[in-house]
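Numbering-wise (my numbering), the sequence shown opens with residue 29 and increments by one.
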Amino acid sequence: MALVEKLEWQLDGGLVGVTGETGAGKSVIVGALKLVLGERADKGLIRTGESSCTVEAVFYLNETTLCRVNEILEDAGVEPCEEDMLIIKRVVGQSSNKQFVNNSPATLAVLKALGEEVVDLHGPHDHQSLLSVDRQLSMLDAYAGSGAEKSLSGYRQLWSEWKEKSMRLEDLRNSERANEQELDLLKFQLDEIDGAELKPDEEEDVEQRYQRASNGSKLVEYSGKIAGLLENTVNDAMGEVQRAAAELGRLDPSVADRLAGLEQAALELQDLEREMVDYAEDLEMDPEEERVLAERINLFENLKRKYGSTIEAVMQHGEEARQRLFEIENRDGVLEDLQVEVDALYEKVLASGVKLSAVRKKCAPKLAKLIAGHLKDLGFKQAAFELELVSHDKPASGGMEGVDFQFGPNPGEPLKPLRQVASSGEISRVMLAVKSALADQDATPLMVFDEIDANVGGEIARAVGEKMAALGENHQVVSITHFPQVAGVASQHFVVEKLVESGRTLSTMREVAGKERVEELVRMLGGGDGKQAVAMAKSLLVK
């Protein structure tokens, strides 16, 4: 892939730092990860001279994530994970691309769905989810915990019922009274379907009976042939076999066990002969029955062409037509009954929504205060942060209100929605503050931060690194960084390097520890080989 010939990368838990000079190939790592997470592939990724590139990732999942992943796989018809291991493989070719999950072919949609469960990837411009008001509401509910989750589940069920009934009421209210043509059509359809007197399992039985009736002469012929052969050939031969067996048993009694089933076989063949004779005698050559059955089958086919692919679908269409006709003929009464149902459901939705709102109103200030505390750690010493709950005009699928993250990085300035005031550098730190505040509620096992510390100073970079390291206590965290302050707090450190071998450029990765790690931090500090630079690099390492 690109400048990488072959690379196997095994990561430990905690914070994993990835560094290297600009252009060394760090972006290839993120590109490879995005491929297995379902991002569309460009054949330009294929290394020059090769026919394809392959990326394979193995994820070891906790129990919560494993359950969600297996649900996605089950819905997609893909093999579930063995134990706690998820394997995703992506092959990008010159003419076609392939993807596999647990060695089964899969679609890009499946890869994307899995990616949302197992990896949280953030780069300098990957903050759309944080700026989404729907996502912000989900974050508040996640922080509120089981109370909000239970209230939201009950509310959504009631809201869905209310919405469905309301749409049905609106359609019926807005529709003009049915004209004679529609009434005639509905009545004709009902007469045709009801007149057929359909039964759910009838079609298969009729087809089998028609097969017998239309092939009566052949059935008589073959059953008679079987009976004749059994009588004239097999049974005569069985008599010879039994006589020979008797002589064999007389000469060698030990063979008796091997011949024990012979008598039973002879009896079964005689029974089969009688069965075939009886079967042939019972067959009735009735042209009238054949005609009636053929007409019935033709009726089935005609109804299925008009109303559905199966008899069950035709019957369902009939019930829908009956309901529609009832609503038309009893329009005023149906409208009145529906209105009563809608009003009752609306009251239930409001009551449920009030309970959900109470949970959110209680937790919103607490979450805002927690995020603000993390923002102070990340250099926003006097910044303000609030969660504004905005009431809806009418109940929505997510509740009676939305939430908007309000951010004020500068003292004295009014708070504004986060999407309106934050620069790329600020939004990265706000995102990290939010992630830190929700660390206990976020079940995503792997977090990847791609140079989100860009555009910040050295002191702030250290705080960013420490926040990532704290996230690493409950998640596996990968940070691709140019800052030695961030790399220094990582529990594992990898360096990406660009080499030239046999006239070709290669990107490689290696883990550094001890003296090599200090040397990499010195390089990042730009301090040469001086003792002061070495001492500074060592001071950055977490003891």
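Note that beta-carbon positions come from the ideal geometry of N, C-alpha and C, so glycine has one too.
Spatial neighbours of residue i within its chain, please: C-beta separation below 6 Å, excluding the five flanking residues on both sides.
i: V362; result: E355
i: G500; result: G42 and L43
i: G45; result: S507, A515, A518 and H521
i: D405; result: A491
i: N502; result: A467
i: D112; result: Y88, L89 and L94
Please decide whether residue i counts as near chain D, where near means a Cβ-Cβ distance under 9 Å.
i: G66; result: In summary, chain D is missing from the structure at hand, where a single protein chain is found.
State buried or exposed for residue i, treating a residue as buried only when at least 16 other CB atoms are found within 10 Å of its CB.
i: Q344; result: exposed
i: K334; result: exposed
i: H420; result: exposed
i: L257; result: exposed
i: T135; result: exposed
i: R118; result: buried
i: T50; result: exposed
i: Q504; result: buried
i: T47; result: buried
i: L295; result: exposed
i: E249; result: exposed
i: M29; result: buried
i: P423; result: buried
i: E99; result: exposed
i: S179; result: buried
i: A69; result: buried
i: V476; result: buried
i: L446; result: buried
i: S160; result: exposed
i: L527; result: exposed
i: S337; result: exposed
Just to confirm my understanding: we take residue i, look at its own chain, exclude 5 residues before and 5 after, and list those with CB closer than 7 Å. What are they?
i: A396; result: F413, E414 and L415
i: E454; result: P437
i: L568; result: P512, Q513, G516 and L549
i: L398; result: A465
i: K566; result: V546
i: L214; result: A349, R352 and L353
i: F128; result: K117 and A134
i: C81; result: M29, L73, I74, R75 and V120
i: R324; result: V234
Run through DSSP, which three-state label would residue i get?
i: K71; result: helix
i: V382; result: helix
i: C81; result: strand
i: F511; result: coil
i: L43; result: strand
i: K117; result: strand
i: T472; result: coil
i: H345; result: helix
i: K526; result: strand
i: E539; result: strand
i: L149; result: strand
i: D212; result: helix
i: P445; result: strand
i: V32; result: coil
i: Q38; result: coil
i: L353; result: helix
i: D478; result: strand
i: L534; result: strand
i: L505; result: Reading off the sequence shown, one finds Val at residue 505, where the question assumed Leu. Reduced to three states, the DSSP call for V505 is strand.
Tell me which same chain residues have a C-beta within less than 8 Å of the C-beta of residue i, skipping the five on either side of it?
i: Q367; result: L197
i: R240; result: L247 and L311
i: L165; result: G426, G427, G430 and V431
i: M459; result: H150, H155, L158 and I480
i: L403; result: A411, F413, R457, V458 and A461
i: E210; result: I356
i: G175; result: V387
Does at least one heavy atom of the ligand FAD sit under 8 Å from the Cβ of residue i?
i: F522; result: Of the ligands one can find in the structure shown there are none, so the ligand FAD has no counterpart to examine.
field: Contact between the segment 488 to 496 and the segment 166 to 181 (3+ Cβ pairs under 8 Å)
entry: no
message: As an exercise, report each continuous beta strand (DSSP E) stretch of at least 3 residues that is fully enclosed by the segment 393 to 438, in chain order.
response: 412 to 424 and 427 to 436
Continuous alpha helix (DSSP H) assignments of at least 4 residues falling wholly in the segment 244 to 301: Correct list: 244 to 257 and 263 to 279.
query: How do the segment 42 to 58 and the segment 90 to 107 stand: do at least 3 beta-carbon pairs fall below 8 Å, yes or no?
result: no
Continuous alpha helix (DSSP H) assignments of at least 4 residues falling wholly in the segment 87 to 144: 91 to 104
message: Using 8 Å as the cut-off, can you tell me whether the segment 81 to 90 makes contact with the segment 533 to 541, which would need three or more C-beta pairs spanning the two stretches below that distance?
response: No, the segment 81 to 90 is not in contact with the segment 533 to 541.
- prompt: Would you say the segment 209 to 222 touches the segment 262 to 279, given that touching needs at least three Cβ pairs under 8 Å?
  reply: no
message: Whether or not the segment 292 to 303 and the segment 313 to 330 are in contact is what I'm after, with contact meaning three or more pairs of Cβ atoms, one per stretch, closer than 8 Å; do they touch?
response: no
message: For the pair the segment 183 to 200 and the segment 373 to 383, tell me if three or more CB-CB distances fall below 8 Å.
response: As far as the Cβ criterion goes, the segment 183 to 200 touches the segment 373 to 383, which means the pair count is three or higher.
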